[in-house]
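In this note's numbering, the protein residues as written are 35 to 433.
Beneath this line is the structure, given in structure tokens, with notes to follow.
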Ligand SMILES: Cc1ncc(COP(=O)(O)O)c(C=O)c1O
């Protein structure tokens with residue numbers, strides 16, 4: 035067995051299941067789950083139709099680099115969304131379709147990390163974080179180094195506080211913008227600061243941007259790493275790789291479709307890695323993806339559904355917690371000022387609402403554990419259900 039497997043930690047949902055194993059929910063209340071961030075809105079009908087119409091493609095092996103049409107469609111979406119000048123992004127050099135960002139965020143670590151470079155053992159990971167980053171780093175043989183994002187910094191990474199000696203040992207850094215769980219968007223200025231550091235200290239930036247399309251209707255779209263890179267004159271995206279997905283943008287988490295884009299040298303090696311990894315995107319997934327990336331109407335509708343939920347849930351909960359709508363994403367990250375695990379367990383038992391303890395999404399560091407005493411609420415259920423759950427949480431806290 036690969037000894038690194040033993041370093042993997044239980045997944046947050048497994049830990050939550052263990053937490054409530056001995057508990058029964060209140061039989062008078064219909065259970066509501068806010069613990070898992072699985073989008074619940076309707077996927078676009080055009081994508082569903084494209085998928086069924088292209089089922090006969092199963093008779094052929096799909097290409098690992100994806101169909102030309104899909105790569106071109108992704109390149110056009112990226113260029114439009116992130117304001118890239120015509121010709122900056124080349125669908126043949128800078129883009130690959132992937133089977134969801136989870137798969138690709140994991141695989142890129144196996145492709146990039148050089149175990150022989152003993153002077154650079156570190157992979158930097160935000161804290162709290164999406165646990166795939168840690169598992170990917172550990173299985174690649176790297177040592178994770180966690181940088182905290184907390185209320186003191188508006189949940190933004192503080193790149194200035196990371197010592198040069200750490201940057202010098204870093205092979206690559208994961209960033210998540212908008213972040214899971216707090217929804218903070220890293221500003222273009224900070225992204226450019228990170229690009230400068232990457233060039234200075236010879237590391238790669240892996241930017242997980244899968245929540246980039248879920249933002250308040252009246253706000254500017256979150257900036258992204260490709261845009262920051264091009265604006266800084268790094269027009270071939272050296273050391274910059276972004277990941278995005280149709281799971282949240284288009285409510286297609288079961289389709290398993292996303293993109294990776296950026297540094298042409300890394301994309302080329304990643305393509306080679308993926309040839310052996312055997313993860314080409316099936317033709318019917320590709321057809322549905324082309325339909326989804328080509329349409330913005332359903333994304334605008336999706337945003338307004340989340341907006342309504344944030345408005346109403348925050349109205350109910352702001353009387354008992356200090357809350358504001360996050361920059362983006364569909365989570366509320368609440369500072370409880372009390373034990374998150376006890377809160378989640380008791381809420382489950384008394385009010386039949388599942389929320390995820392923040393400490394299951396974070397690690398303890400010398401600077402503390404930024405997930406402790408927090409919970410994450412995913413606003414993925416229908417509006418009425420979210421309001422009902424918020425009311426129950428309010429009652430639970432105020433009695
Ligand atoms: C921060 C973050 N990145 C990546 C993913 C994976 O998304 P997918 O594999 O569906 O694209 C998730 C899913 O919840 C996530 O929260």
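From the three backbone atoms N, C-alpha and C, an ideal C-beta is built for every residue, glycine too.
Excluding the 5 residues flanking residue i on each side, which residues of the same chain have their C-beta closer than 8 Å to its C-beta?
i, result
"residue 212", "218, 219, 243, 245, 246, 248, 249, 256, 360, 361, 362, 363"
"residue 357", "348, 351, 366, 368"
"residue 109", "123, 124, 125, 128, 129, 295"
"residue 133", "290, 291, 292, 313, 315, 319"
"residue 196", "158, 181"
"residue 198", "235"
I need the boundaries of the beta strand (DSSP E) containing residue i, first residue and last residue.
i, result
"residue 369", "365-369"
"residue 410", "408-412"
Skipping 5 residues on each side, what residues in its chain have a beta carbon closer than 7 Å to that of residue i?
i, result
"residue 154", "203, 204, 205"
"residue 46", "165, 390, 394, 395"
"residue 432", "354"
"residue 54", "379, 382"
"residue 221", "257"
Report all residues from its chain with a CB closer than 6 Å to the CB of residue i; omit the five preceding and five following residues, and keep chain order.
i, result
"residue 75", "285, 336, 339"
"residue 320", "101, 104"
"residue 443", "The structure shown does not extend to residue 443, since the chain spans only 35 to 433, so no value can be given for it."
"residue 167", "159, 208"
"residue 420", "343, 347, 413"
Any Cβ of chain D within less than 8 Å of the Cβ of residue i?
i, result
"residue 379", "Among the chains in the structure shown there is no chain D, since it carries only a single protein chain."
Need the endpoints of the alpha helix (DSSP H) that residue i sits in, please.
i, result
"residue 350", "331-351"
"residue 379", "374-385"
"residue 321", "317-327"
"residue 438", "Shown here, the chain extends from 35 to 433; a query on residue 438 therefore has no answer."
"residue 420", "417-432"
"residue 46", "46-54"
"residue 79", "79-87"
Enumerate, from N- to C-terminal direction, the unbroken beta strand (DSSP E) stretches of 3 or more residues contained entirely within the segment 258-310.
-> If we require 3 residues or more, the beta strand (DSSP E) runs fully inside the segment 258-310 come out as 274-279, 292-296.
For the segment 133-145 against the segment 294-312, are there 3 or more C-beta pairs whose distance is under 8 Å?
-> Output reads yes: the segment 294-312 touches the segment 133-145.
Uninterrupted alpha helix (DSSP H) stretches inside the segment 107-183 (no shorter than 4 residues) = Taken in chain order, the whole alpha helix (DSSP H) runs of length 4 or more contained in the segment 107-183 are 135-146, 166-174.
Any 3 or more C-beta pairs closer than 8 Å across the segment 99-107 and the segment 122-129 | Verdict: yes, contact present.
What runs of the beta strand (DSSP E), each 3 residues or longer, lie entirely inside the segment 194-260?
-> The DSSP assignment places complete beta strand (DSSP E) segments of no fewer than 3 residues inside the segment 194-260 at 204-210, 238-242, in order along the chain.
Using 8 Å as the Cβ pair cut-off and three pairs as the minimum, do the segment 317-336 and the segment 271-290 touch?
-> Touching, per the Cβ criterion.
Inter-stretch contact (C-beta, 8 Å, three-pair minimum) for the segment 40-59 and the segment 168-175 | The segment 40-59 vs the segment 168-175: in contact.
For the segment 304-318 against the segment 83-103, are there 3 or more C-beta pairs whose distance is under 8 Å?
-> Three or more beta-carbon pairs separated by less than 8 Å link the segment 304-318 to the segment 83-103, which places the two stretches in contact.
Count the C-beta pairs between the segment 52-67 and the segment 299-310 that are closer than 8 Å, then say yes if the count reaches three, no if not.
-> Note that the segment 52-67 does not touch the segment 299-310; fewer than 3 beta-carbon pairs, one per stretch, sit closer than 8 Å.
For the segment 420-430 and the segment 76-83, state whether three or more C-beta atom pairs, one from each stretch, are separated by less than 8 Å.
-> With fewer than three CB-CB distances shorter than 8 Å, the segment 420-430 does not count as touching the segment 76-83.
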